[in-house]
Amino acid sequence: MASVISFDAVSKAYPAGGPGRSRAAGGFVAVEDAGFTVEPGSIVGVIGYSGAGKSTLVRLINGLERPTSGTVRVLGVDVGRASAAELRGLRGRIGMIFQQFNLFHARTVRGNVAYPLRVAGWSRADIDARVTELLDFVGLADKAGQRPRRLSGGQKQRVGIARALATSPELLLADEATSALDPQTTAEVLDLLREINRRLGITMVVITHQISIVHELCDRVIVMDQGRIVDHGDTYRVFAHPRAALTSRFVDAVTQGVPQGETLEALRARGGELLSVDVNEVTSDDVTAVLDRHGVRGTV
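The numbering of the sequence shown is the numbering used here, which starts it at 129 and goes up by one.
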């Protein structure tokens, strides 16, 4: 099966004064020599600090930017060579979820979700049926008539997700979709995204600066730094065996409390395994069960 997204030696340069971090002759390079694929049904995280090139990568994927060099193929479309009409058609097959929700405040929840369907020329009856289905799916059936200002941040993002799903996209791009949310609401949104992937089989690319999001949600991860991909692969491999200093810094952020330096070496010298357990909202019995699976004796 063909890849949903394929980047082959892709660079994107801007004139002097444009976005980006790496200086090139006469301008800035926002993405430099990027190469990766995204396979059907996968959830791929793209992580990096501000200015790493993540947003430019999204704009290349949805055809808002064309590569300066290299080849970008998305859902079979060569973004660099496609006509304007072909790019519009491509964007119709891609759903977008935004950090600040991008809702129409003058429209109701139902009106926001219905908007892309009206633009696509759906009939009123089909729009009503689809919107009802989507609001039920994201758990907002009882909020259909409310305006966005009356909703919590998590509810607004659920409206954004329902709107992104309205036209049954083949690819979903989530650009910092949880960074404006509190931890509990973030967990709920991640659960919803996971359910969308499981039930609908939609391929997802998740742009974030939060390694915990990648850890919780993504099958694979791409780590970007100053426009370049410095690490990528299976999420477990990247976490367990980071190949770049930046990856290690991200991993350290989610392994706080793990012994380091001389303490770690002293523990290793005594033999056995060093087991790290992420304790969130779990009971002591849950943690004990994890220890038991690894043959560790102890109490919590």
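Every residue, glycine too, gets a C-beta built ideally from N, C-alpha and C.
Backbone CA spacing between residue i and residue j [nearest angstrom]
{"i": "V186", "j": "R278", "result": "30 Å"}
{"i": "L192", "j": "L262", "result": "27 Å"}
{"i": "I376", "j": "R216", "result": "Residue identity differs from the one stated: residue 376 is Ser in this sequence, not Ile. Roughly 39 Å between the two C-alpha positions."}
{"i": "A302", "j": "A417", "result": "35 Å"}
{"i": "D270", "j": "L318", "result": "21 Å"}
{"i": "V202", "j": "T165", "result": "10 Å"}
{"i": "V172", "j": "D347", "result": "6 Å"}
{"i": "R149", "j": "V366", "result": "A caution first: R149 carries a pLDDT of 48, below 50, which makes its placement in the model too unreliable to give a value."}
{"i": "G82", "j": "N325", "result": "Residue 82 lies beyond the stretch modelled for the chain, which goes from 129 to 428, so this question has no answer here."}
{"i": "L309", "j": "V205", "result": "34 Å"}
{"i": "H360", "j": "A368", "result": "12 Å"}
{"i": "V237", "j": "G273", "result": "6 Å"}
{"i": "W250", "j": "D420", "result": "56 Å"}
{"i": "S307", "j": "I222", "result": "21 Å"}
{"i": "D264", "j": "A372", "result": "43 Å"}
{"i": "V349", "j": "G155", "result": "29 Å"}
{"i": "P311", "j": "Q227", "result": "15 Å"}
{"i": "A212", "j": "D362", "result": "35 Å"}
{"i": "Y364", "j": "A257", "result": "41 Å"}
{"i": "R235", "j": "A253", "result": "19 Å"}
Nearest to residue i (by Cα), restricted to the options the options
{"i": "N240", "options": "G163, A292, E323 and L309", "result": "A292"}
{"i": "S183", "options": "V247, W250, E304 and F156", "result": "E304"}
{"i": "D161", "options": "A373, V366, V358 and S280", "result": "V358"}
{"i": "V157", "options": "A180, N325, F265 and G173", "result": "A180"}
{"i": "L231", "options": "D264, S280 and A210", "result": "S280"}
{"i": "A210", "options": "N190, F226 and G223", "result": "N190"}
{"i": "L300", "options": "Q312, I335, S307 and K284", "result": "I335"}
{"i": "T313", "options": "A290, I339 and K284", "result": "K284"}
{"i": "I225", "options": "L320, A253, D136 and A212", "result": "L320"}
Under 9 Å between C-beta atoms of residue i and residue j
{"i": "G208", "j": "R194", "result": "yes"}
{"i": "V351", "j": "L374", "result": "yes"}
{"i": "I255", "j": "P297", "result": "no"}
{"i": "I175", "j": "V333", "result": "no"}
{"i": "P370", "j": "T295", "result": "no"}
{"i": "D380", "j": "Y177", "result": "no"}
{"i": "R275", "j": "H337", "result": "no"}
{"i": "F229", "j": "V287", "result": "yes"}
{"i": "V259", "j": "A242", "result": "yes"}
Cut-off 8 Å between Cβ atoms - residues of its own chain near residue i, not counting five sequence neighbours on either side
{"i": "E316", "result": "G282"}
{"i": "V138", "result": "V159, D161, A162, G163, L188, P195, S197, G198, T199 and V200"}
{"i": "L268", "result": "V237, Q283, R286, V287 and A290"}
Buried or exposed by the 16-neighbour rule on C-beta atoms within 10 Å, applied to residue i
{"i": "E409", "result": "Confidence at E409 is low in this model, with a pLDDT of 47, below 50, so the placement of that residue should be treated as unreliable; the coordinate-derived value is given next. Exposed."}
{"i": "P143", "result": "exposed"}
{"i": "R507", "result": "Residue 507 lies beyond the residue range present for the chain, which begins at 129 and ends at 428; the question has no answer from this structure."}
{"i": "A130", "result": "exposed"}
{"i": "R356", "result": "buried"}
{"i": "A397", "result": "exposed"}
Close Cβ partners of residue i (< 7 Å) along its chain, the five nearest in sequence each way excluded
{"i": "R322", "result": "L345"}
{"i": "E167", "result": "S131 and V132"}
{"i": "D136", "result": "G163, G198 and T199"}
{"i": "E214", "result": "V205"}
Close beta carbons around residue i, own chain, < 6 Å, minus the five adjacent residues each side
{"i": "A141", "result": "A152, G155, V157 and T196"}
{"i": "S134", "result": "T165 and R201"}
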